[in-house]
Each structure stands twice: as structure tokens, then as C-alpha cells.
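Working notes for the structure below.
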Amino acid sequence: MAETELNVAHDFPALAQKVHGHRLAYLDSGASAQKPRCVIDAMSRFYETDYANIHRGVHELSMRATQAYDAARESVRSFLNAAYADEIVFTRGATESLNLVAASWGRTFLKAGDEVVLTQLEHHANIVPWQMLRQEKGIVLRVVPIQANGDVLIEDVRAALNDKTKLVSVAHVSNALGTVLPVEELIAAVHARGIPVLLDGAQAVSHRAVDVQALDVDFYVFSGHKLYGPTGIGVLYGKRALLKSMPPYQGGGDMIASVTFEETLYQEPPSRFEAGTPAIAEAVGLKAAIDYVQGIGFKKIAAHEAALLAEGTARLAAIDGVRLIGTAPKKSGILSFVVNGIHPHDLGTILDGYGVAIRAGHHCAQPAMEALGLVATARVSFGIYNTSADIDALVAALLKAKELMG
Amino acid sequence: MSESDDDLRALYQDLILDHSKKPHNFHAIAQADCEAVGHNPLCGDKLVLYLTVSDDSTIAEASFQGDGCAISVASASLMTDMLRGKTATQARALWAYFQSLTMGTAPPDGVADLDPDAVDRLQALAGVGRYPMRVKCATLAWRTLEAALDPASAKKVGTE
Numbered sequence: 001m002a003e004t005e006l007n008v009a010h011d012f013p014a015l016a017q018k019v020h021g022h023r024l025a026y027l028d029s030g031a032s033a034q035k036p037r038c039v040i041d042a043m044s045r046f047y048e049t050d051y052a053n054i055h056r057g058v059h060e061l062s063m064r065a066t067q068a069y070d071a072a073r074e075s076v077r078s079f080l081n082a083a084y085a086d087e088i089v090f091t092r093g094a095t096e097s098l099n100l101v102a103a104s105w106g107r108t109f110l111k112a113g114d115e116v117v118l119t120q121l122e123h124h125a126n127i128v129p130w131q132m133l134r135q136e137k138g139i140v141l142r143v144v145p146i147q148a149n150g151d152v153l154i155e156d157v158r159a160a161l162n163d164k165t166k167l168v169s170v171a172h173v174s175n176a177l178g179t180v181l182p183v184e185e186l187i188a189a190v191h192a193r194g195i196p197v198l199l200d201g202a203q204a205v206s207h208r209a210v211d212v213q214a215l216d217v218d219f220y221v222f223s224g225h226k227l228y229g230p231t232g233i234g235v236l237y238g239k240r241a242l243l244k245s246m247p248p249y250q251g252g253g254d255m256i257a258s259v260t261f262e263e264t265l266y267q268e269p270p271s272r273f274e275a276g277t278p279a280i281a282e283a284v285g286l287k288a289a290i291d292y293v294q295g296i297g298f299k300k301i302a303a304h305e306a307a308l309l310a311e312g313t314a315r316l317a318a319i320d321g322v323r324l325i326g327t328a329p330k331k332s333g334i335l336s337f338v339v340n341g342i343h344p345h346d347l348g349t350i351l352d353g354y355g356v357a358i359r360a361g362h363h364c365a366q367p368a369m370e371a372l373g374l375v376a377t378a379r380v381s382f383g384i385y386n387t388s389a390d391i392d393a394l395v396a397a398l399l400k401a402k403e404l405m406g
Numbered sequence: 001m002s003e004s005d006d007d008l009r010a011l012y013q014d015l016i017l018d019h020s021k022k023p024h025n026f027h028a029i030a031q032a033d034c035e036a037v038g039h040n041p042l043c044g045d046k047l048v049l050y051l052t053v054s055d056d057s058t059i060a061e062a063s064f065q066g067d068g069c070a071i072s073v074a075s076a077s078l079m080t081d082m083l084r085g086k087t088a089t090q091a092r093a094l095w096a097y098f099q100s101l102t103m104g105t106a107p108p109d110g111v112a113d114l115d116p117d118a119v120d121r122l123q124a125l126a127g128v129g130r131y132p133m134r135v136k137c138a139t140l141a142w143r144t145l146e147a148a149l150d151p152a153s154a155k156k157v158g159t160e
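Just so you know, the sequences run in chain order A and B. The opening position of the first sequence corresponds to residue 1 in this note's numbering, with each subsequent residue numbered one higher. The opening position of the second sequence corresponds to residue 1 in this note's numbering, with each subsequent residue numbered one higher.
Written out as C-alpha cells, the structure reads:
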């Protein structure tokens, strides 16, 4: 076992099972991560002891639930090193966070001819909401091309900016290719022209420490479920002044200061954007996940995943007929690849037969696939619980697949 | 051989691999009477189906093009082989039978009236029933056929 190797798989109950008679090698954390026992327990305990609706009752359980929900917000603030807890909006996930920005900020501040800059490697969640806005408002989407190795060049981002650019909305880390975008340089270049930046951190926050103040990023979004937390909860970070300038996203309870049929006064952020009863237990679970990840520490996590990426890259590249897709110099723990003569979908089924769980398809990034002349790839994505044993299982199953499909 | 090997071998049997590697009827038809495009949203695979119709309103020729996994290509290859000479009703009946085969549900009435050779050859894809995530791959060609047989198509395949 390498010196940098973490050994935390035993914290994850789902990983202890066999699949089709084989030890489970879960290599699909980029789609969704498994949950540690402490997250599952925190949610169960909350439901068993402290659950009630928040911000409503004066009774004991409502107070405890409200405190737990507020503590979760504070935990996210600290996790992102945001200046204020009211800059943290809870959503259903990164997708809803992006939709919220497009619908609230976009609809308010963008007009026909204004430009939003994306890259070719965006997840559909950072494409479709802007296309919907384009249809409604006549904005223009400008797309920064990717290199053949999946990299995004800062000069290409600069070239996409002009006097009509109103927002640059890009992935922090590509879900399909693993490319880590040069976000520090990008934000500096975009801010130099007075344009705000949104980073889609769905594939970043589980792998690296994110400091929104150091980045000086304007919006940052992520999902809880990729961070070893529950589904149904995500985060929108927005600078205080930006959030305050934005109208509500949805209407309902908990987002109002007062309602009459003549007029409704809205709450300040973040409540303004959290209409209705939120995902309370999920917020508690997200806090437990953040505590868990921070307990291990990103220094160890990054070293561990870098070692897995290096080993996985070398061992896949050594297999005859395997071609790695996405070989940017800076990468996160994602290995996209194709195998000669075997469609990724068939590969996914065959690997599953040997207990190896990977993703096969376009990874909700069809424009990125198209740019690289592909329809689909097979994708391995590492989490903190993976070890060299999972790579052994992957390689063995790949050789079996080649034999079967010969 | 482990259980996985057996299951996978049943799914990827020689007939399927042969059809996927050397698909039959894998070309466009410039003057097709019916044409339809099918998508598998799971993987982004795309299939274009072409049909020509004879004077007696049966399918004269069926062909396809596109990207796909072994299961979807083999299924399209087998399907286009067996459509020749069929009416729309016969083609739809085969599709209903195939659907029941892949879903593991009771076969529809009238199986005895189906082309026995076609029924026999469809058994090669029965193994997909054990892989619910892959049923969409096996049925992509047939779902595309359903669109191609839409009565709104330019030249109809007869139903009698």
C-alpha cells in the first residue's frame, strides 16, 4: 500500500457488499458518491430525536431542527470559507443552483444581445438553463473551445470576452474529462473586465479545498451527494451584494417577510431563495459529510486521489486498445477512456458483471463528446474510499471484456 | 467459469457479436419511403432507420445506420433482416412479442401467428432481460421502427 493511500472504505456500509458474486469496486463517485456511516447515522438520529419543521414553531423540536439547519449553513460557510453564512443558499443540488442563478439573476440583469460565456466541456446543467434564458431573453451564448487533450486555455477564455459579456459560467473541474480549469487565472482575467464569474464546483468540492474568498469567485455551486452527503441538497454561494440584488426564484412560505393580497415583502437572502420547507435532514447529513471530509483533510485526500489517478492512468494506458480521453496537464481523479471495438455501454455491463461499477455514456456533456469526435466514453471516477485493489479489479475486468468481445 | 461469465456469455453470444461486428443492412437508402431517427438518451447513441415499401404494401427493404453498442447494433441488424416482406401489422406484432421477451412479461396473444423463423432468431436477445438497464439498447431499433410506421409517414406500409 502506497504511503499516501487512505484506508476509509470500512466507513462506507454500501462498499462491504458483493455484486454479482464479486467484491464491489465502486468507481463511479463522479456520478454520485457512497455515504459514510456517520452521514447515515446523523440523518437517522435527527429524524429520531430532533425533527420538526424549521423557523415556525416555538416548540422544542422546531427549535432544535432550526438550530441544526442553521448549523449546517454555518458548516458550509466554513467549508467554502465564505465571509457570511447568509451567502449560502440551500438548493436541491448544483443543477437547481444553476437554474436559480439563470432564472433570478439572469432574468433580471440580462437583456437581448448580452453574452454568457461557457466552455465546451460544461455539464448539461450549465448549458440548458442558459439556453432557456436565451430563448426567453435573446441572450447570446459564447462557447470557449477545448483542446484535443480536454484542456481549456486561458487565452481562449480571454478571446471570448467582449463588451457584451455579462457572465462567465464554467466548470471548476470537468465531469467528463477530469480537466481542472485554470480558475484563478480565469477569474483574474474576467474580473479585469468587470465581469462576474460562476464556478460549477460539482466535481471539485470533494477533491480539493475551495476558498471562495481567496478565489474571489462571484457564484459557486455544488451538490451534497457528490461530497459523500445525501441527495436532494446542494449549495449556491453568492457574494452578499449579488444575492441581495436578486429577486426570489420561487414563491412560497419561509421566503416572505409579510404577505397581503396587495403586496408581499420578501425575506433577505438566503431565506428569500428557500421557499417552502427545505431539505432539513439532508442539510444535517451534508454537515456530517463536511465534518467527515474535513476530519480526513484535503491534503491527504488530494494526495491519495492523485496517486490513484497516476496509477490508473498508467495501468489503463498499458492495455492494448485502450485510449484515454482527457489528458490535460491538470486533472482530477477522473479517467475517461474508450476501448477499440467495444462500445462503452457494453464495457459498462461487462465490468459490472465483475463487480466493477463505472459510468458509460456521454456523461451529460454531449458537446464535449462531440468536440472530441466521440459519442460516449467509459469513465472511472475515484473517491476517497478507492484503493489500488479497485484498479486491479478494473484492469482484470477490462481484460475479460476484451476476451469476451474479442 | 463464474456465474458472471455465464450470464455475460448468454448476453454476448456469438450470434449477437457476429451481427454487431458485421451488421446486416447497414447502409442508408437514398429514396426511402419511411425514415425515422431513434435516440438512446442514456448513452447518446443514434440510429437512423430506412424502409422502402413494395407495391403490395409490404416492407421491401429495411436498413439502418448509426452509432451503437453491440446490443443495439445486433438488434437493428436482426430486425432489418426479418422485416422484409412484412406488413405494418406483422412488424408491430413482432415488436410487441420482442418487447414482452425483453421485459420478461407474458407474450401477447397471437404469438402462434408470428413468423416462426423471426421468433426463433429473436431468442438470441432474450438474455437482455437479465439486464434491465440494457433493454433500451435492445429495443432502440424497434422503437425507431414504430416511429417509421407512423401513419403520417410519406408512403405507408400497409397494415393488411
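Using N, Cα and C, we set each Cβ at its ideal position, and we do this for glycine too. Everything numeric in this text was worked out from a predicted model, so none of it was measured.
Given 8 Å, three or more beta-carbon pairs between the segment 51 to 71 of chain B and the segment 120 to 137 of chain B: yes
For B/Gly-39, three-class secondary structure by DSSP: Just to set this straight, residue 39 of chain B is His in the shown sequence, not Gly. Of the three classes helix, strand and coil, the one that applies to B/His-39 here is strand, per DSSP.
Span separating the alpha-carbon of A/Pro-145 from that of A/Gln-120: 5 Å
Minimum Cβ-Cβ distance from A/Gly-21 to chain B less than 8 Å: yes
Sequence-distant residues of the same chain with beta carbon closer than 7 Å to A/Ala-302, five excluded per side: His-207 and Arg-208
CB contact flag (A/Ser-97, A/Gly-295, <8 Å): no
Neighbourhood of B/Met-133 by C-beta, 6 Å cutoff - its chain only, sequence neighbours within 5 removed: none
Selection of the segment 65 to 94 of chain B by Cβ proximity to chain A, strictly under 9 Å: Asp-67, Gly-68, Cys-69, Ala-70, Ile-71, Ser-72 and Val-73
Identity of the residues DSSP links to A/Thr-264 by a beta bridge: A/Val-259
Residues bridged to A/Val-180 (per DSSP): A/Val-173
Residue environment, A/Phe-46, which counts as buried when at least 16 other CB atoms sit within 10 Å: buried
Closer than 8 Å to chain B by CB, A/Gly-361: yes
Local conformation of A/Thr-387 per DSSP, three classes: coil
Cα-Cα separation between A/Asp-254 and A/Ile-40, rounded to whole angstroms: 27 Å
Nearest residue (CA-CA) to A/Ala-85, options A/Thr-95, A/Cys-38, A/Gly-93 and A/Glu-74: A/Glu-74
Neighbour flag for B/Cys-34 against chain A, beta carbons, 8 Å: no
Inter-residue Cα distance where the pair is A/Val-395 and A/Gly-341: 17 Å
N- and C-terminal bounds of the alpha helix (DSSP H) containing B/Glu-3: 3 to 11
A/Val-375 at chain B interface by Cβ criterion, 8 Å: yes
Contact set between the segment 41 to 52 of chain B and chain A, restricted to residues whose Cβ is under 8 Å from the partner: Leu-42, Cys-43, Gly-44, Asp-45 and Lys-46
Assumed close pair A/Tyr-354, A/Ala-397 - CB separation to whole angstroms, cut-off 8 Å: 4 Å
DSSP three-state assignment for B/Leu-101, whether helix, strand or coil: helix
Min CB distance A/Thr-349 to chain B below 8 Å: yes
Touch test, the segment 328 to 339 of chain A against the segment 168 to 183 of chain A, Cβ-Cβ under 8 Å, three pairs minimum: yes
Interface flag, B/Glu-146 vs chain A, CB-CB below 8 Å: no
Beta-carbon proximity of A/Glu-185 to A/Ile-154, cut-off 8 Å: yes
As assigned by DSSP and simplified to three states, the class of A/Gln-147: coil
Contact set for B/Glu-160: own chain, Cβ-Cβ below 8 Å, skip 5 residues either direction: Note that B/Glu-160 has pLDDT 48, beneath the 50 cutoff, so the model's placement of it is unreliable and the number below is only indicative. These residues qualify, in order along the chain: Ser-57, Thr-87 and Thr-89.
Through-space distance from A/His-304 to A/Val-322, alpha-carbon basis: 24 Å
Three CB pairs or more closer than 8 Å across the segment 48 to 61 of chain A and the segment 285 to 295 of chain A: no
Chain-ordered residues of the segment 122 to 145 of chain B with a beta carbon less than 7 Å from chain C: The question asks about chain C, but that chain is absent: this structure's protein chains are A and B.
CB contact check: A/His-343 to chain B, cutoff 8 Å: yes
Partner residues on chain B for A/Gly-353, Cβ-Cβ distance less than 7 Å: Ser-4, Asp-7 and Leu-8
Between the CA atoms of B/Gly-127 and B/Asp-7 - distance to the nearest angstrom: 8 Å
Alpha helix (DSSP H) runs wholly inside the segment 203 to 288 of chain A, at least 4 long, in chain order: 212 to 215 and 240 to 245
Cβ separation of A/Phe-407 and A/Leu-27, assumed to be a contact under 8 Å, to the nearest whole Å: Here chain A has residues from 1 to 406 only, and residue 407 of chain A is not among them.
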